[in-house]
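What follows is a single structure, written as structure tokens, with notes after it.
Chains as they are written, first to last, in full-length UniProt numbering: chain A, 1 to 232; chain B, 1 to 764.
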């Protein structure tokens with residue numbers, strides 16, 4: 001069975017949720033510890049949401065220098081699929097695995113909402129189960145989710161199709177170009193602010209037109225990873 | 001080495017003047033301490049007694065009334081109660097080997113002085129109570145009351161409190177699943193910030209706060225001790241604010257949610273490894289409370305070397321260390337053979353730990369400071385046998401006149417246009433309006449088990465992923481009702497919370513309360529308190545659900561004006577499988593809408609009277625608790641058989657508010673008619689819309705289940721009247737023959753009130 005590692009930092013909050021999502025996608029979740037130098041041979045890695053080490057500096061800044069992150073960086077360079085969710089996305093930008101950075105929401109408050117996204121690139125390791133242009137609803141919850149990058153970087157991201165997800169209808173945090181998630185050139189590393197692990201189980205996801213809390217659009221990210229690993 | 005006031009010194013200098021009044025003690029209380037000790041207290045002992053004998057910690061004014069919760073119990077109420085009042089939080093058996101612990105507590109005064117930190121540490125404190133029981137915290141809720149929405153100071157408090165709860169709760173990774181927000185000028189100088197936390201545990205993981213086993217180590221772990229929150233319990237929580245007085249800001253604690261999050265995981269790993277004998281969180285009164293309570297509940301003796309406390313500020317005196325309310329600290333009793341394992345876990349989580357001393361059999365709590373004895377007391381005299389007051393009680397001089405001023409004299413609207421205008425004013429009023437400006441700042445998803453959360457009537461959390469076992473929680477209090485009649489007002493709060501749990505499909509099983517009142521030194525306030533407690537205790541006995549714990553907050557007033565009595569009642573319910581939960585809003589086309597219960601002309605204390613006529617007077621609605629129980633049983637049966645696709649209780653704002661919320665939940669319109677309510681119950685159309693009669697629920701029933709559902713109601717003798725049908729195509733709410741409101745207009749009215757005062761809601 002495909003094994004997907006989920007890293008727990010002291011302030012990780014959605015690590016159990018990410019493990020559950022991996023399980024629902026049909027893979028075996030493996031708990032990884034921030035202080036270890038060991039990825040236990042997993043096939044893919046998820047950096048979950050939370051506040052890593054308290055995030056009193058920039059979010060994810062200290063976590064990006066943790067022992068496990070050195071292993072994650074070298075695995076990513078070998079092409080291992082790595083997904084950063086929310087705080088995990090912040091770590092990936094701090095570790096320079098992904099371009100740009102994340103700053104305080106433009107309105108200044110924490111925001112939790114069911115967010116409509118458009119899939120802009122369906123060829124990454126974490127999005128191949130979707131179709132380009134597909135609209136999905138994923139819960140978003142963050143205080144520092146405003147995506148920023150230099151003008152040149154933005155131009156490159158747009159030009160090379162590295163924008164993976166874009167906010168639709170409402171830009172909830174002031175992200176430039178409505179960017180919700182990006183990938184690296186190789187497509188194995190993806191980061192996004194919304195939380196796909198909260199839209200994987202009927203009854204506990206976002207509301208849909210059909211029924212309350214029945215949204216499972218997030219599952220596609222996790223099944224994508226399995227697809228891409230099987231395809232290798 | 002030190003210049004501390006030692007026991008030896010206290011004996012040698014009996015006449016030394018001591019600042020007991022500045023520490024919040026009365027002259028007779030100070031005399032009592034001297035009598036207990038047979039000498040003057042040392043300054044360290046005086047510090048301990050002053051905080052532990054404060055109103056906040058000792059319940060000295062409320063104790064004689066709170067006893068009723070232990071006395072008015074039936075065998076059925078004890079059946080599932082694993083831990084009752086007196087521990088950090090009550091624990092209820094919910095079946096399948098699982099237990100749930102929950103408690104609601106106040107952090108009112110700190111939240112006025114410093115709204116952000118006050119509210120944040122309120123969440124932190126109640127969560128530590130839950131951990132202390134051996135449970136994993138799984139959700140939080142808050143009960144908030146602010147001043148007038150357009151008062152210039154209200155926005156300061158609202159922004160601070162909301163962001164404080166958001167900051168702390170979100171960083172802990174606990175979903176916020178519900179609560180209440182009210183605005184009323186009576187809370188202008190004294191907002192109420194109550195926080196509820198709930199946790200789950202396996203039966204065998206239950207832990208208690210006691211220090212047993214002579215030779216066992218007493219260990220302090222978590223954040224370092226600093227100079228924050230000194231005298232929080234005695235100076236702040238047990239006195240009223242006075243104009244021109246000192247700011248008291250240093251008495252507010254400062255919170256670090258990351259430290260608390262780590263502490264949660266660390267404690268759970270300690271419990272899992274069976275490394276802890278007894279545990280107590282450090283909240284009000286800090287080390288004074290933890291040492292004296294642990295010792296009182298155990299073998300009776302403890303020896304502590306206070307200089308071993310790890311400090312954030314090395315200049316703190318022994319007295320300050322004893323009184324500090326620095327957050328994110330816990331005290332554990334650990335067997336010597338398990339100490340190494342204990343330290344391995346705390347070090348894994350980078351939690352600083354120091355061994356302060358050990359359990360003894362001397363019957364004394366002895367605290368040394370650099371080798372000199374500064375405390376030597378019998379712990380029960382500090383923690384348990386504090387003063388008990390029978391405060392004077394007086395029937396309020398103004399109450400008869402207030403009760404005589406009924407809303408029945410107020411003008412009723414009759415035309416469709418008038419009713420439409422009043423309908424929109426009520427649903428847009430600050431207390432009835434959407435609270436999403438606040439709730440959107442809280443994480444409701446984390447942990448992945450949230451089955452219901454705001455704006456549904458109750459929150460619901462799955463406990464067991466395999467079986468689907470879960471619990472529901474709702475809390476309510478209506479200060480306006482309680483001002484009119486505190487006995488009935490407390491029962492109305494109980495009835496509403498009970499009904500809010502029942503409409504989710506869960507079975508109500510237990511109660512926690514947070515009793516917010518004015519000064520106990522005011523005999524009229526004491527009368528309100530005594531009546532509210534009596535009402536709540538009688539009500540719980542009648543419903544046969546136990547009060548498992550709670551909190552009393554006195555001195556909530558500005559100057560001489562007390563708040564309305566605000567007994568927040570939280571009810572816990574159990575549901576076998578959360579997949580059978582019932583939402584509050586309509587989801588489907590063509591479902592029949594049934595109003596369960598009877599409508600009387602009950603507008604005294606109502607939202608309508610307040611919003612349309614700025615009126616408060618008369619007697620609040622009648623309560624029938626057996627009726628509530630029968631209604632709850634019907635809803636449970638309906639949920640089990642899958643006959644109900646939505647249920648929403650009727651309370652503040654009456655049918656008008658319920659219909660508006662049910663439409664807006666999923667944006668499904670409806671056509672309703674009032675004629676049959678008017679003719680069957682003999683009320684006007686206005687009363688049918690706005691009356692707040694209890695024991696009523698509006699349910700939506702799929703057409704194919706209509707006959708079965710009617711049969712269910714008939715069989716139980718519950719009056720059920722079909723008053724409408726959902727209509728997804730209409731995009732409007734039509735009250736037949738009277739008025740129609742497009743959903744867009746209704747949504748605009750209901751959702752724009754808070755943003756107008758506090759800023760836009762993201763995605764508006």
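Just so you know, even glycine gets a beta-carbon here, dropped at the ideal spot from N, CA and C.
Within its chain, find whatever has a CB closer than 8 Å to the CB of residue 65 of chain B; leave out the 5 residues flanking it on each side and keep chain order. Spatial neighbours of residue 65 of chain B in its own chain (CB-CB distance under 8 Å, excluding positions within 5 residues in sequence) are listed in chain order as 529, 530, 533 and 534.
Considering only C-alpha positions, which residue in the set B:592, B:331, B:204 and B:441 is nearest to residue 161 of chain B? In terms of CA proximity to residue 161 of chain B, B:441 leads the group B:592, B:331, B:204 and B:441.
State buried or exposed for residue 3 of chain B, treating a residue as buried only when at least 16 other CB atoms are found within 10 Å of its CB. Its Cβ having fewer than 16 others within 10 Å, residue 3 of chain B is exposed.
Is residue 268 of chain B closer than 8 Å to residue 192 of chain B when the C-beta atoms are compared? Contact annotation: residue 192 of chain B and residue 268 of chain B have beta-carbon atoms that are not nearer than 8 Å.
Do residue 199 of chain B and residue 257 of chain B have their beta-carbon atoms positioned less than 8 Å apart in this structure? Not a contact, by the Cβ cut-off of 8 Å.
Taking all protein chains shown into account, do 16 or more other C-beta atoms lie within 10 angstroms of the C-beta of residue 476 of chain B, making it buried, or fewer, making it exposed? Burial call: buried.
Grab me the residues of residue 262 of chain B's own chain with a C-beta within less than 8 Å of its C-beta, minus the 5 sequence neighbours each way, in chain order. Answer for residue 262 of chain B: 349, 350 and 351, listed in chain order.
Give the interface partners of residue 215 of chain A over in chain B, defined as CB-CB distance under 9 Å, in chain order. Under the 9 Å cutoff, chain B gives no residues; its nearest Cβ is about 11 Å from residue 215 of chain A.
Return yes when the Cβ of residue 662 of chain B is within less than 8 Å of the Cβ of residue 585 of chain B, no when it is not. Going by C-beta atoms, residue 585 of chain B is nearer than 8 Å to residue 662 of chain B.
Check whether chain A comes within 8 Å of residue 69 of chain B, counting only Cβ atoms and requiring the distance to be less than that. Residue-level contact check: residue 69 of chain B does not touch chain A, since none of the beta carbons of chain A fall below 8 Å from its beta carbon.
Take residue 300 of chain B and list the residues in its own chain whose beta-carbon comes closer than 6 Å to its own, dropping the five residues that flank it on each side. The residues are 363.
Using the C-alpha atoms, what's the distance from residue 51 of chain A back to residue 179 of chain A? Going by the C-alpha atoms only, they are around 21 Å apart.
Selection of the region 88–115 of chain A by Cβ proximity to chain B, strictly under 7 Å: So the close ones are 107, 109, 110, 111, 112 and 113.
Cut-off 8 Å between Cβ atoms - residues of its own chain near residue 753 of chain B, not counting five sequence neighbours on either side: Contacts found: 149, 428, 429, 430, 433 and 434.
Exposed or buried, which one is residue 198 of chain A when buried takes at least 16 other CB atoms within 10 Å? So residue 198 of chain A ends up on the buried side.
For the region 115–132 of chain A against the region 164–179 of chain A, do three or more pairs of beta-carbon atoms, one drawn from each stretch, fall closer than 8 Å, so that the two count as touching? Contact between the region 115–132 of chain A and the region 164–179 of chain A is established, with three or more Cβ pairs separated by less than 8 Å.
In three-state DSSP terms, what is residue 107 of chain A? Correct three-state label for residue 107 of chain A: coil.
Indicate whether at least one CB of chain B lies closer than 8 Å to the CB of residue 43 of chain A. Judged by the 8 Å Cβ criterion, residue 43 of chain A is not in contact with chain B.
Classification of residue 632 of chain B by the beta-carbon crowding that lies within 10 angstroms, buried from 16 upward: So residue 632 of chain B counts as buried.
Would residue 739 of chain B pass as an interface residue toward chain A - the criterion being a Cβ-Cβ separation below 8 Å? Not flagged as an interface residue toward chain A: residue 739 of chain B, since no C-beta distance is shorter than 8 Å.
What distance in whole Å lies between the Cβ atoms of residue 372 of chain B and residue 6 of chain B, which are believed to be in contact at a cut-off of 8 Å? The distance from the Cβ of residue 6 of chain B to that of residue 372 of chain B is about 5 Å, consistent with a contact at the 8 Å cut-off.
Secondary structure of residue 247 of chain B, DSSP reduced to three states: Unreliable placement is indicated for residue 247 of chain B, whose pLDDT of 48 sits below 50; no coordinate value is reported for it.
Buried or exposed: which applies to residue 19 of chain A, given that a residue is buried once 16 or more other Cβ atoms fall within 10 Å of its Cβ? Sixteen is the threshold: when 16 or more other Cβ atoms of the shown chains lie within 10 Å of the Cβ of residue 19 of chain A, as they do, the residue is buried.
Hey, which unbroken runs of the beta strand (DSSP E) at 3 residues or more fall wholly within the region 564–598 of chain B? The qualifying runs are 566–575 and 592–596.
Can you grab the Cα-Cα spacing for the pair residue 30 of chain A / residue 4 of chain A, in whole Å? The straight-line gap from Cα to Cα measures roughly 6 Å.
How long is the line joining the alpha carbons of residue 471 of chain B and residue 546 of chain B, rounded to whole angstroms? If you take the alpha carbons of residue 471 of chain B and residue 546 of chain B, they lie about 16 Å apart.
In chain order, which continuous runs of the beta strand (DSSP E) of length 3 or greater are located wholly inside the region 76–134 of chain B? Counting only runs of 3 or more, we get 81–83, 90–95 and 98–106.
Three-state class that DSSP yields for residue 167 of chain A in the structure shown: Correct three-state label for residue 167 of chain A: strand.
Residues, ordered as in the chain, of the region 13–32 of chain A that lie near chain B by beta-carbon distance below 8 Å: When C-beta distances to chain B are compared with 8 Å, the residues of the region 13–32 of chain A below that value are 13, 14, 16, 17 and 20, in chain order.
Would you mind sorting residue 185 of chain A into buried or exposed? The rule is 16 or more other CB atoms within 10 Å of its CB. Exposed, by the Cβ-count rule.
Give the range of the beta strand (DSSP E) segment to which residue 72 of chain A is assigned. In this chain, residue 72 of chain A is not harboured by any beta strand (DSSP E); it is covered by the alpha helix (DSSP H) spanning 67–77.
What are the partner residues of residue 369 of chain B, as DSSP defines its beta bridges? By DSSP's assignment, residue 369 of chain B forms a beta bridge with B:372.
Quick check on this structure: which residue in B:715, B:722, B:74 and B:743 has the alpha carbon closest to the alpha carbon of residue 728 of chain B? Of the listed residues, the one whose Cα sits closest to residue 728 of chain B is B:743.
Closer than 8 Å, CB to CB, is residue 65 of chain A near chain B or not? Interface criterion not met: the Cβ of residue 65 of chain A is under 8 Å from no Cβ in chain B.
Using three-state DSSP, classify residue 501 of chain B as helix, strand or coil. Here residue 501 of chain B sits in helix by DSSP.
Mind checking which residues open and close the alpha helix (DSSP H) that includes residue 303 of chain B? No alpha helix (DSSP H) holds residue 303 of chain B; the beta strand (DSSP E) holding it covers 301–305.
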